[in-house]
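Encoded as structure tokens, the structure appears first; notes follow it.
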Amino acid sequence: MPSRSIDSETIPVRTAFDPETERLTLVADVFPATVDDVRVAVGSRRLRVTVSRDGRSLDGYVEPPSDRVFTDDRRAFCNNGVLTVDLGTRRSRVRHPSSAASRP
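Those letters in the sequence shown? Residues 123 to 226, per the numbering used here, in order.
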């Protein structure tokens, strides 16, 4: 299950991970914010959402399930106060210290 730290009382959020398609979807109610008030930043291990509302900034993040990372396959859109972010995932490649030491 994805980890998240978005305050659901401030920004109602739903996340869902579909293991068959390897996709994580976040849906957030950001109303009355507009698309100009919403910022989405994605790295391989964290999705960060910032919403400017009522003169303050609300930040939150979502991480992929523990054995996964986000891919470059990502889409985000905001329509009528609803933010939807759809992210591809893949299994994380864990590097072992012994294999890194043997590389030239």
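The C-beta atom is built at its ideal place from N, Cα and C for all residues, glycine as well.
Remember, it's a predicted structure, so these values are computed and weren't measured experimentally.
_Proximity of Arg-197 and Val-204 at Cβ, strictly below 9 angstroms_ = no
*asked:* Classify Val-177: buried if its beta carbon has 16 or more other beta carbons within 10 angstroms, exposed otherwise.
replied: In the sequence as displayed, the identity of residue 177 is Gly instead of Val. With fewer than 16 Cβ atoms within 10 Å of its Cβ, Gly-177 is classed as exposed.
*Sorted by chain position, which residues of the same chain lie with C-beta nearer than 8 angstroms to Ser-179's C-beta, five sequence neighbours on each side aside?*
Thr-172, Val-173
*In the DSSP assignment, what are the bridge partners of Val-164?*
Leu-169
*asked:* Within the continuous beta strand (DSSP E) that includes Asp-195, where are the two ends?
replied: 190-201
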